[in-house]
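According to this note's numbering, the sequence shown is numbered sequentially starting from 12. Accompanying notes for the structure given below.
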Amino acid sequence: MANKNREIKISIEDNSLFSAGSQRLDLFLAAQLNKTRSSVQKLIREGAVRVNRQKVKPGYRIKVSDIIEVFLPEEKEENRLIPQPIPVEILYRDEYIIAVNKPPGIVIYPSHGHRDGTLMNAIAYISDRLASVGGPLRPGVVHRLDKDTTGVVVVALDDRAYYGLVEQFKKRLIKKEYLVVVHGLMKEDSGEIDRPIGRSTSHRKKFSVRSRSPKEAKTYWSVLERLKNATLLRIRLLTGRTHQIRVHFSSVGHPVLGDSLYGRKTTIIIDNKRLKIPRQMLHAETLQFVHPITEEILTLHAPVPEDMQQIIDLLKL
């Protein structure tokens, strides 16, 4: 092995890491090392894993008294999720999942241009247990919110929980409700926007209802309050396309207040004065789903953030 490899030795003992019944080596190590099963299988096939100093196959069934040695290559800094003490409100937490109230101005996980300071850096600091699936920089991530959108985000801390949540999102079993302030006064009290969405053909960062490969997108809305030159809405999403709310309301002439990408204007005129809007006024208020392990129905609420409430109060008639 190269000098930069680091060695991990795991001894299987009763009432310790090994539970009753034999378990596949690849599954066991994926959970212990917080890695994907495929990456662990690659390590095993390359001889970087030894059981009792012998090479074995990924499907080897571990036993009490086994000694497992793993030689891990030095991780590249850009592939390492660094725990950071970033303040974040915890809405729910157990050994399987964690739900937090995402603040504005923070992205979900590290990527180009956002190497740290993300929600996943905060969660890695809060929890010493993370799912092994989803990728090294986004373990357990099952859904996302835009950088300047606030509200409920749930992350799996366990692989079974991850797959259970993914399945619920895929089958549209998760109830998602948002609060949003849009430009202008909505004439009707409620309605539906049913316009497929796809990648914009003219702007690489945007999505559009005019796309070459659109996908189904449905948004249901109801008026909570009509404000000065704006409307406060509650939104329920049937689908969860990227930028769906922002694209849909821009397409009907009522862009989200403060949305510089789809609305362009980040100010609003009230009493003949321009009011600067700090960000898009969009908040993921409620997320309801079945706990993927306990099967309990969870309804998680995130309070309206202070900056959004201030704008609503200033716009009241």
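C-beta atoms are modelled at their ideal positions from N, C-alpha and C, and glycine is treated no differently.
Classify N63: buried if its beta carbon has 16 or more other beta carbons within 10 angstroms, exposed otherwise.
In the sequence shown, residue 63 corresponds to position 52, counting from 1. Exposed is the call here.
Is V166 closer than 8 angstroms to I117 when the C-beta atoms are compared?
Locating residue 117 in the sequence shown gives position 106, where the first residue counts as 1. Locating residue 166 in the sequence shown gives position 155, where the first residue counts as 1. No, the pair does not count as a contact, with Cβ atoms beyond the cut-off.
Per-residue DSSP class, three states only, for D270:
Here the question's residue 270 lines up with position 259 in the sequence shown. Residue state, collapsed to three classes: coil.
Within a Cβ cutoff of 6 angstroms, which residues of the same chain sit near A59, ignoring the five residues on either side of it in sequence?
As a first step, residue 59 is located in the sequence shown; it is residue number 48 there, counting from the start. So the qualifying residues of the chain are F82.
Assess contact between the segment 300 to 319 and the segment 88 to 104, defined as three or more Cβ pairs (one per stretch) separated by less than 8 angstroms. Is contact present?
yes
Here's the rule: buried if 16 or more other CB atoms are within 10 angstroms of the residue's CB, otherwise exposed. What is V78?
One-based indexing of the sequence shown puts residue 78 at position 67. Looking at the sequence provided, one finds Ile at residue 78 rather than Val. The residue in question, I78, is exposed, as its Cβ has fewer than 16 Cβ neighbours within 10 Å.
Reducing DSSP to helix, strand and coil, say where G175 ends up.
The residue given as residue 175 occupies position 164 in the sequence shown. Residue state, collapsed to three classes: helix.
Tell me which residues share the same chain as L141 and place their Cβ nearer than 7 angstroms to its Cβ, disregarding the 5 neighbours each side in the sequence.
Taking the sequence shown and counting its residues from 1, one reaches residue 141 at position 130. Within the same chain, L141 has close Cβ partners N45, A135, P150, G151, L168.
If we count Cβ pairs, one from each stretch, closer than 8 angstroms, do we get three or more for the segment 235 to 248 versus the segment 211 to 224?
no
Under 6 angstroms Cβ to Cβ from R61, same chain only, skipping five residues before and after it: list those, please.
Position 50 of the sequence shown, counted from the first residue, corresponds to residue 61. For R61, where only same-chain residues beyond five positions count, the Cβ hits under 6 angstroms are E80.
Taking the runs of the beta strand (DSSP E) that are 3 residues or longer, which of them lie wholly in the segment 228 to 315?
The segment 228 to 315 contains these whole beta strand (DSSP E) runs: 229 to 238, 241 to 248, 278 to 281, 284 to 287, 293 to 301, 308 to 312.
Fully enclosed by the segment 135 to 167, which alpha helix (DSSP H) runs are 4 residues long or longer?
none
Find out if the Cβ-Cβ distance for the pair M197, V234 is shorter than 8 angstroms.
Locating residue 197 in the sequence shown gives position 186, where the first residue counts as 1. Locating residue 234 in the sequence shown gives position 223, where the first residue counts as 1. Yes, they are a contact pair.
Using the three-state DSSP reduction, which class does S49 fall into: helix, strand or coil?
For the purposes of this step, residue 49 is taken as residue 38 along the sequence shown, with counting starting at 1. If DSSP states are grouped into helix, strand and coil, S49 belongs with the helices.
Nearest-angstrom Cα separation, counted from H254 out to S225:
Against the sequence shown, residue 225 aligns to sequence position 214. Against the sequence shown, residue 254 aligns to sequence position 243. Position check: residue 225 holds Pro in this sequence, whereas Ser was assumed. If I take the Cα positions, the gap works out to 13 angstroms.
Nearest-angstrom Cβ-Cβ length linking L268 and V192, presumed shorter than 8 angstroms:
Numbered from its first residue, the sequence shown carries residue 268 at position 257. Numbered from its first residue, the sequence shown carries residue 192 at position 181. Yes, L268 and V192 are in contact; Cβ-Cβ is about 4 angstroms, under 8 angstroms.
Here's the rule I'm using: 16 or more other beta-carbon atoms within 10 Å means buried, otherwise exposed. How should E296 be labelled?
Along the sequence shown, one-based indexing puts residue 296 at 285. With 16 or more other Cβ atoms within 10 Å, it is buried.
In this structure, how does DSSP classify Q65 when only helix, strand and coil are distinguished?
Mapped onto the sequence shown, residue 65 falls at position 54. DSSP places Q65 in strand when its eight states are reduced to three.
Within a Cβ cutoff of 6 angstroms, which residues of the same chain sit near N10, ignoring the five residues on either side of it in sequence?
No statement about residue 10 is possible, as the shown extent of the chain runs from 12 to 328 and does not include it.
What does DSSP give as the partner residue(s) for G202 in the beta ladder?
Taking the first residue of the sequence shown as 1, we reach residue 202 at position 191. Paired residues: W232.
Would you kindly check if the distance between the Cβ of I281 and the Cβ of L328 is under 8 angstroms?
In the sequence shown, counting from the first residue as 1, residue 328 sits at position 317. In the sequence shown, counting from the first residue as 1, residue 281 sits at position 270. Not a contact, by the Cβ cut-off of 8 angstroms.
Secondary structure at E317, three-state DSSP: helix, strand or coil?
Walking along the sequence shown from the start, residue 317 turns up at place 306. Helix.
I need the boundaries of the alpha helix (DSSP H) containing L102, first residue and last residue.
What you label residue 102 is simply residue 91 of the sequence shown in a count that begins at 1. First-last for L102: 100 to 104, but that is the beta strand (DSSP E), not the alpha helix (DSSP H).
Closer than 6 angstroms by C-beta to R104: which residues in its own chain qualify, once you throw out the five before and the five after it? Chain order, please.
Within the sequence shown, numbered from 1, the residue matching residue 104 stands at position 93. In its own chain, leaving out the 5 sequence neighbours on each side, no residue places its CB closer than 6 angstroms to the CB of R104.
Could you check what DSSP says for K181 in three-state terms: helix, strand or coil?
Position 170 of the sequence shown holds residue 181. Reduced to three states, the DSSP call for K181 is helix.
Since I believe P266 is in contact with H154 (beta carbons under 8 angstroms), could you give me their beta-carbon distance rounded to a whole number of angstroms?
Stepping through the sequence shown from its first residue, residue 154 is reached at position 143. Stepping through the sequence shown from its first residue, residue 266 is reached at position 255. Actually they are not in contact, since the Cβ atoms of H154 and P266 sit about 23 angstroms apart, beyond 8 angstroms.
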